[in-house]
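Peer 1: The numbers in UniProt numbering rise by one with no breaks, and the one at position 19 of the sequence shown is 19. Beta carbons are placed, not taken as given, at the ideal position from N, Cα and C, and that holds for glycine. I have a structure here, written as structure tokens, and I will follow up with some questions on it.
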Amino acid sequence: QYGFVNHALELLVIRNYGPAVWEDIKKEAQLDEEGQFLVRIIYDDSKTYDLVAAASKVLNLNAGEILQMFGKMFFVFCQESGYDTILRVLGSNVREFLQNLDALHDHLATIYPGMRAPSFRCTDAEKGKGLILHYYSEREGLQDIVIGIIKTVAQQIHGTEIDMKVIQQRNEECDHIQFLIEEKESKEEDYYEDLDRFEENGTQESRISPYTFCKAFPFHIIFDRDLVVTQCGNAIYRVLPQLQPGNCSLLSVFSLVRPHIDISFHGILSHINTVFVLRTKEGLLDVEKLESEDELTGTEISCLRLKGQMIYLSEADSILFLCSPSVMNLDDLTRRGLYLSDIPLHDATRDLVLLGEQFREEYKLTQELEILTDRLQHTLRALEDEKKKTDT
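See below:
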């Protein structure tokens with residue numbers, strides 16, 4: 001994982017207990033890292049676990065307490081790193097914030113290639129008020145971080161206090177952890193009930209032909225209850241001719257990246273408010289082989305990711321996947337056989353691709369500068385140590 005997790009843990013200890021205690025923790029964890037952890041460098045997960053175990057021993061606190069404290073500090077670290085605004089606009093309440101968290105993670109994955117972020121989805125609690133947060137992560141034992149972060153977000157951003165507890169651990173029957181979240185004083189308890197009372201305005205029926213729709217929305221797929229593709233956009237069909245309407249199953253072409261559910265018509269309907277990311281299966285896309293410095297895995301380079309929303313079409317009893325290609329820059333776009341002209345003018349992906357081209361160069365410079373700064377600080381400390389030796 002990237003160094004911002006370890007760096008936030010370092011800040012937690014230094015700000016609350018002092019630099020000397022942090023050095024003791026690193027020594028206990030048998031880490032020989034010189035200087036601070038670098039945000040844009042990938043470290044092995046084992047270092048994080050070793051640091052938490054060492055902090056627990058040195059500070060005489062159980063791991064759960066430390067991880068919840070870390071969750072609070074990680075929120076502060078995100079604010080100080082410039083993510084305060086985006087965190088505040090994710091949603092007007094805790095539920096909406098959590099429902100949009102995956103979209104933020106998916107965006108950050110374009111900034112930090114190879115980042116393996118957790119995934120979240122919300123469902124209503126069966127009894128009374130509250131919601132159930134489903135937490136999926138390939139890393140075990142970090143659920144207390146989630147509690148610390150979300151409690152802090154609820155308090156600092158939404159001005160509300162919440163109770164949060166684990167109600168389902170990961171086991172053979174359940175592949176994820178579930179939390180029950182209850183607001184102590186909910187200001188919007190009737191919000192979702194009020195939405196159901198709106199009536200559709202009686203407007204004259206209007207239709208758009210499939211030809212016009214496929215041209216206006218070149219990145220879309222419509223499929224029926226059997227997950228058979230019945231229509232797709234012009235751009236998708238050009239790069240994936242396997243999507244023959246009426247003769248192709250969605251499962252034969254795509255795998256689901258987000259959310260973490262089995263692809264089924266009912267499963268998609270139950271997560272209709274979630275951002276969906278589909279990825280083509282290997283070998284289907286005619287990818288141009290380019291020599292590049294991308295840090296992506298071979299699987300990511302040889303596949304096309306489509307990110308968007310699922311919309312239920314009641315009149316056809318089908319689902320419309322309205323999406324955009326998830327690419328980082330122009331090279332990423334062209335090697336998949338796509339062009340900037342394929343992306344419609346109304347789609348912000350055009351701007352993101354062009355910005356990504358500029359960001360890639362700036363990111364490399366920032367990464368190199370961070371490494372150089374750390375080396376200079378290390379050299380300065382070494383010089384100061386030598387100076388002390390000569391003075392004595």
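(1) To the nearest angstrom, how far is it from the Cα of C248 to the Cα of S318?
(2) In whole angstroms, what separates the C-alpha of R95 from that of C122?
(3) A8 to I14, Cα distance in whole Å?
(4) Is K387 helix, strand or coil when you go by DSSP?
(5) Does the beta-carbon of R197 have 16 or more other beta-carbons within 10 angstroms, so that it is buried, or is it exposed?
(6) Beta-carbon separation of P218 and Q231 under 9 Å?
(7) Can you round the beta-carbon distance between V58 and E28 to whole angstroms, since I take them to be within the 8 Å contact cut?
(8) Does the stretch 99 to 109 come within contact of the stretch 154 to 165, defined as at least 3 CB pairs closer than 8 Å?
(9) Is the Cβ-Cβ distance between L304 and P325 less than 9 Å?
(10) Tell whether a beta-carbon distance below 9 Å holds between F75 and I177.
(11) Per DSSP, which one or two residues make a beta bridge with F77?
(12) Would residue 481 pass as a contact of F321 if the rule is Cβ separation under 9 Å?
(13) Report buried or exposed for Q99, applying the criterion of at least 16 other Cβ atoms within 10 angstroms of its Cβ.
(14) Would you check if the distance between the CB atom of A216 and the CB atom of L180 is smaller than 9 Å?
(15) Give the range of the alpha helix (DSSP H) segment to which C214 is assigned.
(16) Looking at the structure shown, is Y339 part of a helix, part of a strand, or coil, going by DSSP?
(17) Around the C-beta of L142, are 16 or more other C-beta atoms found within 10 angstroms, so that it is buried, or is it exposed?
(18) Just checking my contact of F254 with R225 at CB under 8 Å: how many whole Å lie between their CB atoms?
(19) Here's the rule I'm using: 16 or more other beta-carbon atoms within 10 Å means buried, otherwise exposed. How should T280 be labelled?
(20) Secondary structure at T230, three-state DSSP: helix, strand or coil?
(21) Output needed for I41: all residues of its chain with C-beta closer than 6 Å, excluding positions within five of it in sequence on either side, in chain order.
(22) Output the distance between the C-alpha atoms of S314 and L269, rounded to the nearest integer angstrom.
(23) Let me know the secondary structure DSSP gives K151 once reduced to three states.
(24) Can you give me the C-alpha to C-alpha distance between E65 and I147, rounded to a whole angstrom?
(25) Could you have a look at G308 and say whether DSSP puts it in helix, strand or coil?
(26) For a test of the three-state rule: what should DSSP assign to V275, helix, strand or coil?
(27) CA-CA distance, C214 and Q244?
(28) From E10 to T85, what does the alpha carbon distance come to, in whole angstroms?
(29) Just checking my contact of F120 with L131 at CB under 8 Å: how many whole Å lie between their CB atoms?
(30) Counting only the same chain and skipping the five closest in sequence on each side, list residues whose C-beta sits under 8 Å from that of G246.
(31) Is P19 helix, strand or coil when you go by DSSP?
(32) Have a look at T274 and E384 and give me their C-alpha separation to the nearest angstrom.
Peer 2: In this structure, then:
(1) Numbered from its first residue, the sequence shown carries residue 248 at position 248. Numbered from its first residue, the sequence shown carries residue 318 at position 318. Computed Cα separation, rounded: 15 Å.
(2) Counting from one through the sequence shown, the residue named residue 95 turns up at place 95. Counting from one through the sequence shown, the residue named residue 122 turns up at place 122. Rounded to the nearest angstrom, the two C-alpha atoms are 7 Å apart.
(3) Position 8 of the sequence shown, counted from the first residue, corresponds to residue 8. Position 14 of the sequence shown, counted from the first residue, corresponds to residue 14. Distance between the alpha carbons of A8 and I14: 10 Å.
(4) Position 387 of the sequence shown, counting from 1, holds the residue named residue 387. Note: K387 maps to helix in three-state DSSP.
(5) To locate residue 197, count along the sequence shown from 1; it is residue 197. Only weak support is given to the placement of R197: the predicted model assigns it a pLDDT of 48, under 50, and the value that follows is read from those uncertain coordinates. Burial call: exposed.
(6) Along the sequence shown, one-based indexing puts residue 218 at 218. Along the sequence shown, one-based indexing puts residue 231 at 231. In this structure, Q231 does not lie closer than 9 Å to P218 by Cβ.
(7) Locating residue 58 in the sequence shown gives position 58, where the first residue counts as 1. Locating residue 28 in the sequence shown gives position 28, where the first residue counts as 1. 6 Å between Cβ atoms; contact.
(8) no
(9) Numbered from 1 along the sequence shown, position 304 holds the residue referred to as residue 304. Numbered from 1 along the sequence shown, position 325 holds the residue referred to as residue 325. Their beta carbons are under 9 Å apart, which means L304 touches P325 by this criterion.
(10) By 1-based counting over the sequence shown, the position of residue 75 is 75. By 1-based counting over the sequence shown, the position of residue 177 is 177. Contact: no.
(11) As a first step, residue 77 must be located in the sequence shown, where it is residue number 77. Beta-bridge pairing links F77 to no other residue.
(12) Given a span of 1 to 392 for the chain in the structure shown, any question on residue 481 remains unanswerable.
(13) Working through the sequence shown from its first residue, we reach residue 99 at position 99. Burial call: buried.
(14) By 1-based counting over the sequence shown, the position of residue 216 is 216. By 1-based counting over the sequence shown, the position of residue 180 is 180. No; because the gap between Cβ atoms is not below 9 Å, this pair is not in contact.
(15) Looking up residue 214 in the sequence shown gives position 214. Here the alpha helix (DSSP H) through C214 covers 210 to 216.
(16) Here residue 339 corresponds to residue number 339 of the sequence shown, with the count starting at 1. Y339 falls in the coil class under three-state DSSP.
(17) For the purposes of this step, residue 142 is taken as residue 142 along the sequence shown, with counting starting at 1. Its Cβ being crowded by 16 or more others within 10 Å, L142 is buried.
(18) Taking the sequence shown and counting its residues from 1, the one referred to as residue 254 is at position 254. Taking the sequence shown and counting its residues from 1, the one referred to as residue 225 is at position 225. Not confirmed; about 17 Å, so no contact.
(19) Sequence index remark: in the sequence shown, residue 280 carries index 280 (1-based). T280 comes out buried.
(20) Start at 1 with the first residue of the sequence shown, and residue 230 comes out as number 230. If DSSP states are grouped into helix, strand and coil, T230 belongs with the strands.
(21) Here residue 41 refers to the residue found at position 41 when the sequence shown is read from its first residue. Cβ neighbours of I41 beyond the five flanking positions: G3.
(22) In the sequence shown, residue 314 corresponds to position 314, counting from 1. In the sequence shown, residue 269 corresponds to position 269, counting from 1. For S314 and L269, the distance between alpha carbons rounds to 12 Å.
(23) Position 151 of the sequence shown holds residue 151. Helix, per DSSP.
(24) Along the sequence shown, one-based indexing puts residue 65 at 65. Along the sequence shown, one-based indexing puts residue 147 at 147. Distance between the alpha carbons of E65 and I147 is about 10 Å.
(25) For the purposes of this step, residue 308 is identified with residue 308 of the sequence shown, where counting begins at 1. Strand at G308.
(26) Indexing the sequence shown from 1 puts residue 275 at position 275. V275: coil per DSSP, three-state reduction.
(27) Taking the first residue of the sequence shown as 1, we reach residue 214 at position 214. Taking the first residue of the sequence shown as 1, we reach residue 244 at position 244. Their backbone Cα atoms lie some 14 Å apart in a straight line.
(28) Against the sequence shown, residue 10 aligns to sequence position 10. Against the sequence shown, residue 85 aligns to sequence position 85. E10 and T85: Cα-Cα distance of roughly 24 Å.
(29) Taking the sequence shown and counting its residues from 1, one reaches residue 120 at position 120. Taking the sequence shown and counting its residues from 1, one reaches residue 131 at position 131. So it is not a contact: roughly 11 Å between Cβ atoms.
(30) For the purposes of this step, residue 246 is taken as residue 246 along the sequence shown, with counting starting at 1. Answer for G246: V228, V229, T230, listed in chain order.
(31) Indexing the sequence shown from 1 puts residue 19 at position 19. In this structure, P19 counts as helix in the three-state DSSP scheme.
(32) What you label residue 274 is simply residue 274 of the sequence shown in a count that begins at 1. What you label residue 384 is simply residue 384 of the sequence shown in a count that begins at 1. Distance between the alpha carbons of T274 and E384 is about 54 Å.
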